[in-house]
Amino acid sequence: MKSAVVQLPGLNRDRDMIAALTKISGKAPVTVWQTETEIPDVDLIVIPGGFSYGDYLRCGAIAARMPVMQAIREKAEKGVKVLGVCNGFQILVEAGMLPGALMRNTSLKFVCKEVKLEVVNADTDFTRAYEQGQIIRCPVAHHDGNYFVDDETLKGIQGNGQIVFRYADGTNPNGSLLDIAGVVNQAGNVLGMMPHPENLIEAAHGGSDGRGIFASALDVIAA
Amino acid sequence: MTISNSIQITPELVAAHGLKPDEYQRILDLIGREPSFTELGIFSAMWNEHCSYKSSKKWLRTLPTKGPRVIQGPGENAGVVDIDDGDCVVFKMESHNHPSYIEPYQGAATGVGGILRDVFTMGARPIAAMNALRFGAPDHPKTKHLVAGVVAGVGGYGNSFGVPTVGGEVEFDERYNGNILVNAFAAGIARTDGIFYSKAEGVGLPVVYLGAKTGRDGVGGATMASAEFDESIEEKRPTVQVGDPFTEKCLLEACLELMQTGAVIAIQDMGAAGLTCSAVEMGAKGDLGIELNLDLVPVREERMTAYEMMLSESQERMLMVLRPEKEEEAKAIFVKWGLDFAIVGKTTDDLRFRILHQGEEVANLPIKDLGDQAPEYDRPWIKSNGRAPLPAEKVPAPENYGEALLKLVGSPNESSRRWVYEQYDTLIQGNSLQRPGGDAGVVRVETHPTKALAFSSDVTPRYVEADPIEGGKQAVAECWRNITATGAEPLAATDNLNFGNPEKPEIMGQFVGAIQGIGEACKALDFPIVSGNVSLYNETNGVAILPTPTIAGVGLLPDWSKMARIGSAKDGDVLIMIGTDGSHLGSSIYLRDIVGSTDGPAPAVDLAAERRNGDFVRTAIRNGQVTACHDISSGGLAVALAEMVMASGKGAKIKLGECKGQPHAILFGEDQARYVIAVPADLANFVRANAEGATVPFRTLGTVGGNALVIDDLLNVSRDNLTKAHEEWFPTFMA
Numbered sequence: 000m001k002s003a004v005v006q007l008p009g010l011n012r013d014r015d016m017i018a019a020l021t022k023i024s025g026k027a028p029v030t031v032w033q034t035e036t037e038i039p040d041v042d043l044i045v046i047p048g049g050f051s052y053g054d055y056l057r058c059g060a061i062a063a064r065m066p067v068m069q070a071i072r073e074k075a076e077k078g079v080k081v082l083g084v085c086n087g088f089q090i091l092v093e094a095g096m097l098p099g100a101l102m103r104n105t106s107l108k109f110v111c112k113e114v115k116l117e118v119v120n121a122d123t124d125f126t127r128a129y130e131q132g133q134i135i136r137c138p139v140a141h142h143d144g145n146y147f148v149d150d151e152t153l154k155g156i157q158g159n160g161q162i163v164f165r166y167a168d169g170t171n172p173n174g175s176l177l178d179i180a181g182v183v184n185q186a187g188n189v190l191g192m193m194p195h196p197e198n199l200i201e202a203a204h205g206g207s208d209g210r211g212i213f214a215s216a217l218d219v220i221a222a
Numbered sequence: 000m001t002i003s004n005s006i007q008i009t010p011e012l013v014a015a016h017g018l019k020p021d022e023y024q025r026i027l028d029l030i031g032r033e034p035s036f037t038e039l040g041i042f043s044a045m046w047n048e049h050c051s052y053k054s055s056k057k058w059l060r061t062l063p064t065k066g067p068r069v070i071q072g073p074g075e076n077a078g079v080v081d082i083d084d085g086d087c088v089v090f091k092m093e094s095h096n097h098p099s100y101i102e103p104y105q106g107a108a109t110g111v112g113g114i115l116r117d118v119f120t121m122g123a124r125p126i127a128a129m130n131a132l133r134f135g136a137p138d139h140p141k142t143k144h145l146v147a148g149v150v151a152g153v154g155g156y157g158n159s160f161g162v163p164t165v166g167g168e169v170e171f172d173e174r175y176n177g178n179i180l181v182n183a184f185a186a187g188i189a190r191t192d193g194i195f196y197s198k199a200e201g202v203g204l205p206v207v208y209l210g211a212k213t214g215r216d217g218v219g220g221a222t223m224a225s226a227e228f229d230e231s232i233e234e235k236r237p238t239v240q241v242g243d244p245f246t247e248k249c250l251l252e253a254c255l256e257l258m259q260t261g262a263v264i265a266i267q268d269m270g271a272a273g274l275t276c277s278a279v280e281m282g283a284k285g286d287l288g289i290e291l292n293l294d295l296v297p298v299r300e301e302r303m304t305a306y307e308m309m310l311s312e313s314q315e316r317m318l319m320v321l322r323p324e325k326e327e328e329a330k331a332i333f334v335k336w337g338l339d340f341a342i343v344g345k346t347t348d349d350l351r352f353r354i355l356h357q358g359e360e361v362a363n364l365p366i367k368d369l370g371d372q373a374p375e376y377d378r379p380w381i382k383s384n385g386r387a388p389l390p391a392e393k394v395p396a397p398e399n400y401g402e403a404l405l406k407l408v409g410s411p412n413e414s415s416r417r418w419v420y421e422q423y424d425t426l427i428q429g430n431s432l433q434r435p436g437g438d439a440g441v442v443r444v445e446t447h448p449t450k451a452l453a454f455s456s457d458v459t460p461r462y463v464e465a466d467p468i469e470g471g472k473q474a475v476a477e478c479w480r481n482i483t484a485t486g487a488e489p490l491a492a493t494d495n496l497n498f499g500n501p502e503k504p505e506i507m508g509q510f511v512g513a514i515q516g517i518g519e520a521c522k523a524l525d526f527p528i529v530s531g532n533v534s535l536y537n538e539t540n541g542v543a544i545l546p547t548p549t550i551a552g553v554g555l556l557p558d559w560s561k562m563a564r565i566g567s568a569k570d571g572d573v574l575i576m577i578g579t580d581g582s583h584l585g586s587s588i589y590l591r592d593i594v595g596s597t598d599g600p601a602p603a604v605d606l607a608a609e610r611r612n613g614d615f616v617r618t619a620i621r622n623g624q625v626t627a628c629h630d631i632s633s634g635g636l637a638v639a640l641a642e643m644v645m646a647s648g649k650g651a652k653i654k655l656g657e658c659k660g661q662p663h664a665i666l667f668g669e670d671q672a673r674y675v676i677a678v679p680a681d682l683a684n685f686v687r688a689n690a691e692g693a694t695v696p697f698r699t700l701g702t703v704g705g706n707a708l709v710i711d712d713l714l715n716v717s718r719d720n721l722t723k724a725h726e727e728w729f730p731t732f733m734a
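The listed protein sequences derive, respectively, from chains A and B. Going by numbering that gives the first Met the number 0, 88 is the number at position 89 of the first sequence; the sequence numbering is gapless. Going by numbering that gives the first Met the number 0, 694 is the number at position 695 of the second sequence; the sequence numbering is gapless.
In structure tokens, the structure reads:
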């Protein structure tokens with residue numbers, strides 16, 4: 000299974016993501032620069048975290064309108080898996096590839112700490128390595144992770160099982176609606192999540208709960 | 000409003016530039032005429048305290064700066080230390096005190112930005128940051144605002160740039176009411192054959208401006224940093240620079256790519272005094288002249304004068320000397336990253352610093368004299384008065400030991416700093432092995448299977464106030480201990496020396512004493528100073544800060560699987576104190592926060608004992624005999640034990656029955672060269688025998704277990720109550 004990591008000016012967790020994908024799949028991902036209009040043949044495209052374009056205007060607003068985004072959209076429509084983490088999630092939401100919006104944390108402050116996540120839907124391409132309802136550890140590091148979606152859309156995504164992760168055990172760090180931490184699109188091949196699984200994949204990280212997401216997406220063994 | 004380059008130079012204009020009459024006369028003697036307005040600005044920038052170190056140079060020269068691992072000592076953008084396998088660590092600490100008081104968010108943010116540039120201009124990707132922050136009394140009306148702004152600014156810049164913050168300090172004291180301290184540290188890793196220096200080489204080579212456009216921000220900043228504050232401080236706000244971490248991230252990537260191409264002959268970041276300082280230093284170091292044409296400088300404001308362009312402190316800019324045949328390749332990289340790349344001048348062989356603007360020569364100065372001939376002062380100083388001894392018997396014991404301990408762990412200075420560090424990204428880059436809250440931050444060297452680096456920043460200003468020499472020694476010793484406590488070998492340090500007005504002999508005496516102590520300790524511990532920064536004139540309306548010589552050190556763990564943490568003790572482990580029993584309460588936090596006095600001498604620092612005890616602890620850790628380790632510092636043994644209990648979640652039963660001496664001194668005395676280690680029960684005898692063999696004093700304290708810290712019948716405090724007190728203070732204060 001092959002993967003690609005998108006690189007935009009201001010993204011800064013691309014190296015963390017490249018390391019995680021390499022360690023878990025055994026293959027280094029290809030990288031895709033902001034100006035590319037074609038993405039190579041891969042099974043998983045990852046938009047990593049950071050502050051693309053300085054978060055100018057809104058987080059992810061400029062990235063969502065770059066040429067490379069159209070290429071990603073076309074791949075997603077063909078069924079290629081797309082994972083957006085943190086700023087990547089914000090970009091997918093701005094690009095209309097996922098529902099909802101990500102607002103400033105209710106504390107108004109940046110927060111970096113470990114939280115607990117409930118795997119609400121273990122039946123997606125990204126969560127098969129987990130059990131339904133499993134609680135995992137995961138770090139977060141963000142200023143604008145407060146997920147919101149209007150009532151009607153909420154009913155829709157609940158009905159379709161599109162809520163994939165929720166903050167568990169009272170660890171919601173940003174005030175997001177219904178503790179939502181990650182959602183998938185209707186087709187189930189595009190996942191956006193605020194927490195950083197790529198920072199919890201090995202002993203040096205103090206745990207490997209995050210491996211399952213990549214293992215599922217790349218069809219490799221999680222452990 | 001434009002000031003003409005040929006304006007009449009009046010005494011008021013000279014004074015407004017921070018130059019004393021005798022310094023101005025020196026200028027006249029040096030160049031044989033009146034300076035132009037631009038030239039006056041250039042002299043004021045190069046000769047102010049912040050850039051010239053005129054009050055401190057004489058003393059800084061006495062510090063030990065060499066060692067078998069030192070590749071580059073003070074004098075470059077940052078220090079460089081060998082960490083084996085062709086790798087090196089590049090690091091420095093710098094202050095941004097005055098700007099942060101005026102505009103806390105941007106002052107702190109640009110402090111972080113500046114130190115990051117100092118590291119990556121040498122070819123090293125930054126991998127760790129720390130910051131030592133000192134604020135006024137919690138109840139001072141400005142403190143909350145300053146804390147909120149500074150922490151947000153540090154996080155705002157560092158998180159966006161993408162470097163993990165792994166350690167630091169936050170301290171409150173009324174002596175910082177009018178002058179807060181923001182000391183920012185950064186470290187990066189490079190290959191030893193991939194270091195870039197700032198010395199210009201080659202005549203007639205292009206001098207290239209890289210990065211963000213130049214505006215009017217921060218004009219005169221370096222001069223502001225060299226002055227005391229008074230009531231007109233609000234007017235100084237335009238002198239604070241404004242940072243853009245997104246631009247700096249792009250600049251980092253562009254510079255690292257550029258450095259792979261062979262295009263860079265010399266490179267320096269533009270920091271204090273912007274284009275002036277970087278150009279003069281690059282030329283002077285290489286014994287070359289520099290000619291600049293300001294019409295070619297990328298600007299973002301209209302009608303900027305030569306003076307403004309030379310002194311602007313706009314952020315995120317570098318200056319380099321280019322290998323001419325690489326121009327196209329180099330420029331393409333900067334176009335890719337959306338940054339300016341402009342040839343703005345050339346190197347010459349006439350040792351002149353020539354500035355051209357709109358067809359006129361607006362400055363023509365001797366380049367070496369701007370640097371080498373800056374005034375150097377041997378300021379008068381008086382040795383600080385010693386303090387009378389304060390035996391423990393003369394210090395009242397607490398009425399309730401448990402309450403005293405709870406008060407200390409829940410006090411402004413000993414409480415948890417979680418409110419602060421959860422606003423910093425402590426994880427980015429995926430290599431953080433130990434994050435804030437322990438003795439040292441530890442970061443894996445990602446290109447190596449087992450190596451890691453440990454980082455700590457320390458100083459105890461109340462000790463330096465009581466005894467500058469001992470306090471200087473103690474800052475180095477505590478930094479060295481904190482690194483040792485993880486199992487790392489301390490390699491080298493950087494300093495950030497924050498003091499009041501050096502024109503006052505008693506302040507200069509504090510500075511001289513502290514340098515003496517720092518020098519002694521660095522020599523005894525093989526811990527050279529490889530970079531650093533001096534910040535003077537930290538006084539408001541004549542009241543100086545506590546003398547604060549911050550020491551930030553780096554250590555090497557060859558194998559991080561043999562690393563110790565504060566909180567990893569297991570039930571049944573034996574707790575052993577390495578070092579002697581507590582006896583010294585002078586200048587202790589027990590005395591200050593429980594008894595209400597700041598009296599008494601600083602604790603003595605026995606450097607031989609530090610070495611012997613620390614080497615023993617490090618060896619035990621590396622031999623896998625230690626499950627947890629914590630050094631003993633402020634608050635003594637009781638606070639150290641409480642911190643281990645809170646970190647592990649496991650209680651401890653301590654018996655000190657055999658100790659001779661006053662119980663409150665044993666528990667809260669701040670004697671130096673001490674650690675608490677947790678050792679598996681079956682290894683305790685072995686470790687004790689080794690300590691005896693190494694003539695390392697030790698005492699068996701007790702065992703890990705239960706959920707309370709119990710010390711004889713003196714105190715019995717539950718882990719939950721300790722944690723509650725510890726975690727509560729800061730969020731309540733900032734709410």
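Note that CB positions come from ideal geometry on N, CA and C, so glycine has one too.
Rounded separation between residue i and residue j - CA only
i      : j      : result
A203/A : T626/B : 17 Å
P696/B : A520/B : 21 Å
V181/B : T618/B : 35 Å
L721/B : L636/B : 15 Å
T539/B : T597/B : 22 Å
G668/B : V81/A  : 59 Å
I342/B : N11/A  : 29 Å
M643/B : N537/B : 36 Å
A62/A  : N497/B : 43 Å
P34/B  : G203/B : 26 Å
A60/A  : I506/B : 53 Å
A651/B : L404/B : 15 Å
I427/B : G206/A : 16 Å
R461/B : S586/B : 7 Å
A283/B : Q71/B  : 18 Å
P679/B : G692/B : 20 Å
R378/B : E48/B  : 13 Å
Proximity of residue i and residue j at Cβ, strictly below 7 Å
i      : j      : result
G440/B : G166/B : yes
Beta-carbon neighbours of residue i, restricted to chain B and to distances below 8 Å
i      : result
P194/A : Within chain B, no residue comes near P194/A; the closest Cβ sits about 11 Å away, beyond 8 Å.
Which listed residue (the options) has its alpha carbon closest to that of residue i
i      : options                       : result
I162/A : N11/A, Y129/A, A121/A, E201/A : A121/A
M96/A  : E113/A, A70/A, K115/A, K112/A : A70/A
V241/B : K212/B, C254/B, A265/B        : K212/B
A215/A : R127/A, A180/A, L199/A, E73/A : Reading off the sequence shown, one finds Ser at residue 215/A, where the question assumed Ala. Residue R127/A is the option with its Cα nearest to S215/A.
G122/B : Q422/B, F195/B, V298/B        : F195/B
Neighbouring residues, chain A, relative to residue i (Cβ below 7 Å)
i      : result
F195/B : Ordered by position in chain A, no residue passes the 7 Å Cβ test against F195/B, which lies about 21 Å from the chain.
G436/B : Chain A residues near G436/B: none, gap ~11 Å exceeds 7 Å.
Proximal residues of chain A, C-beta to C-beta of residue i below 8 Å
i      : result
W336/B : P8
L432/B : A203
- In chain order, which continuous runs of the alpha helix (DSSP H) of length 4 or greater are located wholly inside the stretch 615–694 of chain B? Complete alpha helix (DSSP H) runs here, min 4: 635–647, 662–667, 683–692.
- Item | 3-residue-minimum beta strand (DSSP E) runs that sit fully inside the stretch 30–71 of chain A, ordered along the chain | Within the stretch 30–71 of chain A, the complete beta strand (DSSP E) segments of 3 residues or longer fall at 43–46, listed in chain order.
- Message: Just to confirm the assignment: which complete alpha helix (DSSP H) runs, minimum length 4, are found wholly within the stretch 492–566 of chain B?
- Response: Those alpha helix (DSSP H) runs which fall completely within the stretch 492–566 of chain B and span 4+ residues are 504–523.
- Whole alpha helix (DSSP H) elements within the stretch 255–330 of chain B, 4-residue minimum: Runs of the alpha helix (DSSP H) inside the stretch 255–330 of chain B: 273–284, 305–310.
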